[in-house]
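Undergrad: Mapping of the sequence shown onto the working numbering: residues 12 to 410, in sequence order.
Heads up, the beta-carbon is just placed ideally off N, CA and C, and yes, glycines get one too.
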Amino acid sequence: MREIPGAWRRTARGAGLMSADGVASPTIFAEMSALAARSGAINLGQGFPDEDGPAEVLEAARQAISDGMNQYPPGRGHPDLLEAVAEHRARFDGVALDPGTEIIATAGATEGLAATLLALIDSPDDEIVVFEPYYDAYAALVALAGARLVTVPLRWPDFQPDLDELAAAVGDRTRVILVNDPHNPTGTVFTREVLQHVVALAERHDAIIVTDEVYEHLVLEGERTVVQTLPGARERTIAISSAGKTFATTGWKIGWATGPADLIDAAMTVKQYLTYVNGGPFQPAIATGLRLPDSFFHGIADTLRRKRDLLGEGLAAAGFAVSTPAGSYFTVADAAPLGARDADDFCRELPDRAGVVAVPLTAFVTDARRPDYATLVRFAACKREDVIRDAGARLATMI
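(1) Could you compute how far the alpha carbon of Pro84 sits from the alpha carbon of Asn289?
(2) In chain order, what residues of the same chain have a beta carbon less than 7 Å from the beta carbon of Arg247, not counting five sequence neighbours either side?
(3) Do you know whose CA, among His89, Leu108, Phe103 and Thr162, lies nearest Ala97's CA?
(4) Measuring alpha carbon to alpha carbon, tell me which residue in Leu131, Leu315 and Leu152 is nearest Glu122.
(5) Go to Ile39, then tell me how far its alpha helix (DSSP H) extends in each direction, as first and last residue.
(6) Report back the beta-carbon spacing between Met29 and Cys358 to the nearest angstrom; my notes put them in contact at under 8 Å.
(7) Just to confirm the assignment, what range does the beta strand (DSSP E) spanning Ser1 have?
(8) Could you tell me the boundaries of the beta strand (DSSP E) in which Val221 lies?
(9) Taking the DSSP output, what are the residues bridged to Met29?
(10) Report the option in Gly310, Leu303, Gly291 and Val398 whose CA atom is closest to the CA atom of Arg73.
(11) Quick one: Cα of Gly111 to Cα of Leu93, how far?
(12) State yes or no: is the C-beta of Val161 within less than 7 Å of the C-beta of Ala180?
(13) Can you round the beta-carbon distance between Ile115 and Gly88 to whole angstroms, since I take them to be within the 8 Å contact cut?
(14) Just how far apart, CA to CA, sit Ser306 and Pro60?
(15) Going straight from the alpha carbon of Arg380 to that of Thr299, what length do you get?
(16) Which first and last residues belong to the alpha helix (DSSP H) in which Gln127 is found?
(17) Identify, in the order they occur along the chain, each residue of the same chain with its Cβ nearer than 6 Å to the Cβ of Phe293, setting aside the five sequence neighbours on each side.
(18) So the candidates are Ala346, Asp355, Val333 and Glu224; which of them puts its Cα closest to the Cα of Phe170?
(19) Between the Cα of Glu227 and the Cα atoms of Ala312, Ala344, Val205 and Lys282, which residue gives the shortest distance?
(20) Look at the alpha carbon of Asp320 and the alpha carbon of Asp63, and state the distance between them as a whole number of angstroms.
(21) From the DSSP secondary-structure annotation, give me the bridge partner or partners of Trp267.
(22) Can the beta-carbon of Pro336 be found closer than 7 Å to that of Gly119?
(23) What is the DSSP secondary structure of Pro144, reduced to helix, strand or coil?
(24) In whole angstroms, give me the CA-to-CA distance for Glu138 and Glu67.
(25) Pull up the distance between the alpha-carbon of Gly25 and that of Leu174, whole angstroms please.
(26) Measure the CB-CB distance between Thr280 and Asp345 and report whether it falls below 7 Å.
(27) Where do the N-terminal and C-terminal ends of the beta strand (DSSP E) with Ala391 fall, by residue?
(28) Once the 5 residues before and after Thr240 are set aside, which same chain residues still bring their CB inside 6 Å of it?
(29) Can you tell me whether Tyr287 is buried or exposed, with buried defined as 16 or more other CB within 10 angstroms of its CB?
(30) Assign Pro371 to one of three DSSP states: helix, strand, or coil.
(31) In whole angstroms, what separates the C-alpha of Thr22 from that of Ala154?
(32) From the DSSP output, which residues share a beta bridge with Asp345?
(33) From the DSSP output, in three-state form, read off Arg203 for me.
(34) Please tell me whether Pro362 and Val388 are closer than 7 Å, where the distance is taken between their beta carbons.
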């Protein structure tokens, strides 16, 4: 096989997908989902719902298609979506935004993150601080941009960072502190103290804060602190979110980034050369969703809380040690009580042993820290309750 040079190599290497002989492997999500399809196992690995979102949103998309909204939307996004995002942030987060200058629509949160990091990183000496374990795209995007990933560990079972370790990770080379809250893959919701510390460190070292808030309405315990509302944060924070998790429309890939006009302009400069625009008829449909009553947003959290509890009960009954998440789709469980020594091997064997697919937490960490998460496994609760019950019954057969 010939060797193809290029940035794809460091991207794969950053994501932990490059073998010693230079061959890139699929992501763990692709591997596990394919395994689920082949084996007929219940897929609790990948975080996508198995039910459609609200009827009003789906009907709004149909209507937009019928009304001819099928060409390029404006580069910054459909005006109604931008207005709706501004209204939504003001209603739920107390953040006032100018929809004309402080918001852009993106192809999901991942493109928003890509555009932002590619826009802000300017040197191989730039450092991006993330909490570890981390959503796997972070390491890939940092590597693609040519910067250095610096991680702060989150430890079982509460997955809150040590503030001294956080302070030690942030320095004068820190360009971005990237905060995912509620957090994927651990399900933690960071305390106000932690986020205040992030802001103070960003001010001290003149870093930009980028927040990934795709699970913003899926806080299951306690309250979420909105970083942009903390003193000193507004002028140095880009907040990124999307419709996929809130409205069960992960395939539509409608996201947005909000922040000060100069930072948004920087991200927009790059974003326009990535997808340019996307999802013409879906953008006004998501505007409809963002304007749904408060009861809808409280309701999706209540529903997921029931599913989380059902999943946790099933995992505990099957012999796992369980970390109860405060937010997001995900529950992390320790398979060590079941004899596991390596989460990768455990997850690859699980479909045959129990007819269930999960994802090893080691897929979300650097090689150096793999031993710290060696037996931890992530399960997704964003499935129908009957599916979760069935998965729990199947897992119980391993005892």
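TA: A quick look at the data gives this:
(1) The count along the sequence shown starts at 1 and reaches residue 84 at position 73. The count along the sequence shown starts at 1 and reaches residue 289 at position 278. Cα-Cα distance, rounded: 7 Å.
(2) What you label residue 247 is simply residue 236 of the sequence shown in a count that begins at 1. Excluding sequence neighbours, Arg247 sits near Ala213, Ile219 and Ile220.
(3) Stepping through the sequence shown from its first residue, residue 97 is reached at position 86. Closest by alpha carbon: Leu108.
(4) Counted from its first residue, the sequence shown places residue 122 at position 111. The residue with the shortest Cα to Cα distance from Glu122 is Leu152.
(5) Along the sequence shown, one-based indexing puts residue 39 at 28. That run of the alpha helix (DSSP H) goes Ile39 to Ser50.
(6) In the sequence shown, the residue the question calls residue 29 occupies position 18. In the sequence shown, the residue the question calls residue 358 occupies position 347. No, Met29 and Cys358 are not in contact; Cβ-Cβ is about 20 Å, not under 8 Å.
(7) Because the chain in this structure spans residues 12 to 410, residue 1 falls outside the shown range and cannot be described.
(8) What you label residue 221 is simply residue 210 of the sequence shown in a count that begins at 1. That run of the beta strand (DSSP E) goes Ile219 to Asp223.
(9) Reading the sequence shown from its first residue, position 18 is the one you call residue 29. BP columns for Met29 point to Ala35.
(10) Position 62 of the sequence shown, counted from the start, is the residue given in the question as residue 73. For the residues Gly310, Leu303, Gly291 and Val398, the minimum Cα distance to Arg73 belongs to Gly291.
(11) As a first step, residue 111 is located in the sequence shown; it is residue number 100 there, counting from the start. As a first step, residue 93 is located in the sequence shown; it is residue number 82 there, counting from the start. Using only the alpha carbons, I get a separation of about 8 Å.
(12) Counted from its first residue, the sequence shown places residue 161 at position 150. Counted from its first residue, the sequence shown places residue 180 at position 169. A contact, by the Cβ cut-off of 7 Å.
(13) Taking the sequence shown and counting its residues from 1, one reaches residue 115 at position 104. Taking the sequence shown and counting its residues from 1, one reaches residue 88 at position 77. Rounded, the Cβ-Cβ distance is 6 Å, consistent with contact.
(14) Residue numbering aside, residue 306 sits at position 295 when the sequence shown is read from its first letter. Residue numbering aside, residue 60 sits at position 49 when the sequence shown is read from its first letter. In a straight line, the C-alpha of Ser306 is about 20 Å away from that of Pro60.
(15) As a working note, residue 380 is residue 369 in the sequence shown. As a working note, residue 299 is residue 288 in the sequence shown. Those two C-alpha atoms are separated by around 43 Å.
(16) Counting from 1 along the sequence shown, the entry for residue 127 is found at position 116. Per the sequence shown, the amino acid found at residue 127 is Thr instead of Gln. From DSSP, the alpha helix (DSSP H) with Thr127 extends over Gly119 to Leu131.
(17) Against the sequence shown, residue 293 aligns to sequence position 282. Excluding positions up to five away in sequence, the list reads Ala72, Trp263 and Ile265.
(18) As a position in the sequence shown, residue 170 is number 159, starting the count at 1. Minimum Cα distance to Phe170 is reached at Val333.
(19) As a working mapping, residue 227 is identified with position 216 in the sequence shown. Answer by Cα proximity: Ala312.
(20) Counting from 1 along the sequence shown, the entry for residue 320 is found at position 309. Counting from 1 along the sequence shown, the entry for residue 63 is found at position 52. One Cα belongs to Asp320, the other to Asp63, and the distance between them is close to 21 Å.
(21) The residue labelled residue 267 in the question sits at position 256 within the sequence shown. Partner(s): Ala116 and Ser252.
(22) Within the sequence shown, the letter at position 325 stands for residue 336. Within the sequence shown, the letter at position 108 stands for residue 119. Cβ atoms of Pro336 and Gly119: not closer than 7 Å.
(23) As a working mapping, residue 144 is identified with position 133 in the sequence shown. Correct three-state label for Pro144: coil.
(24) Looking up residue 138 in the sequence shown gives position 127. Looking up residue 67 in the sequence shown gives position 56. About 43 Å.
(25) Taking the sequence shown and counting its residues from 1, one reaches residue 25 at position 14. Taking the sequence shown and counting its residues from 1, one reaches residue 174 at position 163. Between Gly25 and Leu174, the C-alpha separation is close to 26 Å.
(26) As a working mapping, residue 280 is identified with position 269 in the sequence shown. As a working mapping, residue 345 is identified with position 334 in the sequence shown. Going by C-beta atoms, Thr280 is not nearer than 7 Å to Asp345.
(27) Position 380 of the sequence shown, counted from the start, is the residue given in the question as residue 391. Element bounds for Ala391: Leu387 to Ala391.
(28) Locating residue 240 in the sequence shown gives position 229, where the first residue counts as 1. Within the same chain, Thr240 has close Cβ partners Gly105.
(29) Counting from 1 along the sequence shown, the entry for residue 287 is found at position 276. Classification for Tyr287: exposed.
(30) Here residue 371 corresponds to residue number 360 of the sequence shown, with the count starting at 1. Three-state DSSP puts Pro371 in a strand.
(31) Position 11 of the sequence shown, counted from the start, is the residue given in the question as residue 22. Position 143 of the sequence shown, counted from the start, is the residue given in the question as residue 154. Taking the straight line joining both Cα atoms gives about 5 Å.
(32) What you label residue 345 is simply residue 334 of the sequence shown in a count that begins at 1. Beta-bridge pairing links Asp345 to Ala332 and Leu387.
(33) Translated into the one-based positions of the sequence shown, residue 203 becomes position 192. Reduced to three states, the DSSP call for Arg203 is helix.
(34) On the sequence shown, residue 362 is found 351 positions in, with the first residue counted as 1. On the sequence shown, residue 388 is found 377 positions in, with the first residue counted as 1. Going by C-beta atoms, Pro362 is not nearer than 7 Å to Val388.
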